[in-house]
Each structure stands twice: as C-alpha cells, then as structure tokens.
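Chemist:
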Amino acid sequence: MMTAKRSWAGSILALALIPALAGCGVNAIPTKEERARAAWGDVQSQYQRRADLVPNLVATVQASAVQERTVLNEVIEARARATSVTVSPDDAAAMQEFQASQSELAGALSRLLLVVEAYPELQSNRNFLELQSQLEGAENRIAIARRDYNEAVADYNTELRTFPGVIWASTLHGASEPMQPFQATEAAQTAPEVNFNLDAPPASAGQTTPAR
Numbered sequence: 081m082m083t084a085k086r087s088w089a090g091s092i093l094a095l096a097l098i099p100a101l102a103g104c105g106v107n108a109i110p111t112k113e114e115r116a117r118a119a120w121g122d123v124q125s126q127y128q129r130r131a132d133l134v135p136n137l138v139a140t141v142q143a144s145a146v147q148e149r150t151v152l153n154e155v156i157e158a159r160a161r162a163t164s165v166t167v168s169p170d171d172a173a174a175m176q177e178f179q180a181s182q183s184e185l186a187g188a189l190s191r192l193l194l195v196v197e198a199y200p201e202l203q204s205n206r207n208f209l210e211l212q213s214q215l216e217g218a219e220n221r222i223a224i225a226r227r228d229y230n231e232a233v234a235d236y237n238t239e240l241r242t243f244p245g246v247i248w249a250s251t252l253h254g255a256s257e258p259m260q261p262f263q264a265t266e267a268a269q270t271a272p273e274v275n276f277n278l279d280a281p282p283a284s285a286g287q288t289t290p291a292r
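Numbering (our numbering), first residue to last: 81 to 292.
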C-alpha cells in the first residue's frame, strides 16, 4: 500500500515538474533542432530547383550550336556530382563534400553563362532568357535559404553550449550534437576564368581550349 502511495506521489510530482522544466527550456533543444533541420530541408530544395534547370539550359545552349563543348560537359558532370551527394547537417565531412559539389556546379554555370555572351542569337532566345532568369532566381533563393539555415544552426548550437541548454544537452538530450553551418568554399569566392576560341573546332571533354 505504501509503495502504491509513493508511486502515485511520484507521478503527481513528475506532472507538477513538467511546467517548471518547460519553463527552464527543456523543450528548447528539440524545438531549435527541428527548426534547423527544416531550414536545411529548404536549402536542399532550393539546390534541387537549380539542378532541375540545368538540363533544359544545356539543351538550349546546344541547340544554338555553341562551340564551347568543354564548358557544357563541365556543367553536365558537375550537376551529376552535385545531385549524387547525400548529407546530414550533423556530418561535417559529408557537409563539406556537399558544399564543394554545389560550388563546383555554380562555377561551371558561371563559366557557361560567360561563354554564351559571345552568341547574340542565344541572348535573344526567349527560352534561354527565361531559363537564365529562373537560374538567377534560384541562386537568390539558395542564398536566402543558406542564410536562414545558418541562423537556425547558430541558434541551436548556442543552445547546446549555454545555460540552461547545456544541462539538458548532457542529461535529457544526451544524443544532441552540434550542426554544421553552411560555409562558402574557397573556390566559390574566386571569379571564374573563361578561355575559349570561337574559331576553333569543338573541344572534347578534358581538353583546354586556347585563349584567343
């Protein structure tokens, strides 16, 4: 009988402590973690949006007989690598690989868009102009999604390291790990260089077209 009373008293005490624990931020870690993961999902969605534009962009450029085949091949191969990387924001190595592959695709697209500036007929192609506009919009949405993700990650990681979150992280949320912020790679901070010769025959993949 005494055991039953103690069990009942313990249950009452646990229920009474729930509001107090909530007030102390025990729910802050899972809440901020979910916010960060949702933001990461948006980042991936925006990168996928950009990747989905690439095949039509490449097809439009090819249809206009652009001679710089090397740059087109770079875009196609970079897209394949960028869409093959799976990553969790908890995995630092995978995150770096994902960032590098996306930066590689961005660089290849930048080189392609510089090349096609030499083709006036392509610049007046309505389909190409629409794709170019959509690509610019995708890049803007990626930048915003990355910013929102980094803000959510900073908030979550700070919660894990500061009071009272640091207490809950080491007790109730023992499996909680810091998330990796999205950082621009060194290559993404370097302006792309384009060397091409419109009078030369189409270059094969892996060859460098001499500067004019």
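Using N, Cα and C, we set each Cβ at its ideal position, and we do this for glycine too. All values derive from a computational prediction rather than experimental measurement.
Between residue 251 and residue 107, what straight-line distance do the alpha-carbon atoms span, to the nearest angstrom?
Modeler: Locating residue 251 in the sequence shown gives position 171, counting from the first residue. Locating residue 107 in the sequence shown gives position 27, counting from the first residue. Their backbone Cα atoms lie some 13 Å apart in a straight line.
Chemist: Please name the residue, chosen from 162, 148 and 134, that lies closest to residue 210 on a Cα-to-Cα basis.
Modeler: Position 130 of the sequence shown, counted from the start, is the residue given in the question as residue 210. Measuring from the Cα of residue 210, the nearest candidate turns out to be 134.
Chemist: Helix, strand or coil: how does DSSP classify residue 172 here?
Modeler: Counting from 1 along the sequence shown, the entry for residue 172 is found at position 92. DSSP places residue 172 in helix when its eight states are reduced to three.
Chemist: Does the structure place the region 186–204 close enough to the region 226–235 that three or more beta carbon pairs sit under 8 Å?
Modeler: They do not touch, by the three-pair rule.
Chemist: What separation, rounded to the nearest whole angstrom, lies between the Cα atoms of residue 172 and residue 257?
Modeler: Taking the first residue of the sequence shown as position 1, residue 172 is located at position 92. Taking the first residue of the sequence shown as position 1, residue 257 is located at position 177. If you take the alpha carbons of residue 172 and residue 257, they lie about 11 Å apart.
Chemist: Quick one: Cα of residue 158 to Cα of residue 224, how far?
Modeler: As a working mapping, residue 158 is identified with position 78 in the sequence shown. As a working mapping, residue 224 is identified with position 144 in the sequence shown. Going from the Cα of residue 158 to the Cα of residue 224 covers about 22 Å.
Chemist: How do the region 114–129 and the region 238–250 stand: do at least 3 beta-carbon pairs fall below 8 Å, yes or no?
Modeler: In short, these stretches do not touch, since the Cβ pair count stays below three.
Chemist: Would you mind reading off the limits of the alpha helix (DSSP H) that contains residue 216?
Modeler: As a working note, residue 216 is residue 136 in the sequence shown. Run containing residue 216: 206–241, per the alpha helix (DSSP H) assignment.
Chemist: The alpha helix (DSSP H) spanning residue 293 covers which residue range?
Modeler: Here the chain covers residues 81 to 292 and nothing more, so residue 293 does not appear.
Chemist: Among 260, 247 and 228, which residue has its Cα nearest to the Cα of residue 122?
Modeler: Within the sequence shown, residue 122 is the residue found at index 42, counting from 1. Here the closest residue by C-alpha is 228.
Chemist: Beta-carbon separation of residue 195 and residue 151 under 8 Å?
Modeler: In the sequence shown, counting from the first residue as 1, residue 195 sits at position 115. In the sequence shown, counting from the first residue as 1, residue 151 sits at position 71. Yes, they are a contact pair.
Chemist: If we ignore side chains and look at the alpha-carbon of each, how far apart do residue 111 and residue 124 end up?
Modeler: What you label residue 111 is simply residue 31 of the sequence shown in a count that begins at 1. What you label residue 124 is simply residue 44 of the sequence shown in a count that begins at 1. Near 20 Å, if we compare the C-alpha coordinates of residue 124 and residue 111.
Chemist: Can you tell me which of the three DSSP states residue 128 falls into?
Modeler: The residue given as residue 128 occupies position 48 in the sequence shown. Residue state, collapsed to three classes: helix.
Chemist: Going along the chain, which residues of its own chain have a beta-carbon closer than 7 Å to the beta-carbon of residue 214, five neighbours each way excluded?
Modeler: Here the question's residue 214 lines up with position 134 in the sequence shown. Around residue 214: 133.
Chemist: Relative to the C-alpha of residue 177, which candidate in 226, 162, 140 and 191 has its C-alpha closest?
Modeler: Position 97 of the sequence shown holds residue 177. The residue with the shortest Cα to Cα distance from residue 177 is 162.
Chemist: Who are the near neighbours of residue 247 in its chain, counting only those whose CB is closer than 8 Å to its CB and skipping five residues on each side?
Modeler: Here residue 247 corresponds to residue number 167 of the sequence shown, with the count starting at 1. Answer for residue 247: no residue qualifies.
Chemist: Residue 187: buried (16+ other C-beta within 10 angstroms of its C-beta) or exposed?
Modeler: Indexing the sequence shown from 1 puts residue 187 at position 107. The residue is buried, with at least 16 neighbouring Cβ atoms inside 10 Å.
Chemist: Going by CA-CA distance only, name the one from 145, 184, 261 and 169 that's closest to residue 156.
Modeler: As a first step, residue 156 is located in the sequence shown; it is residue number 76 there, counting from the start. Nearest of 145, 184, 261 and 169 to residue 156, Cα basis: 184.
Chemist: Where do the ends of the alpha helix (DSSP H) carrying residue 250 lie?
Modeler: On the sequence shown, residue 250 is found 170 positions in, with the first residue counted as 1. Residue 250 -> alpha helix (DSSP H) spans 245–250.
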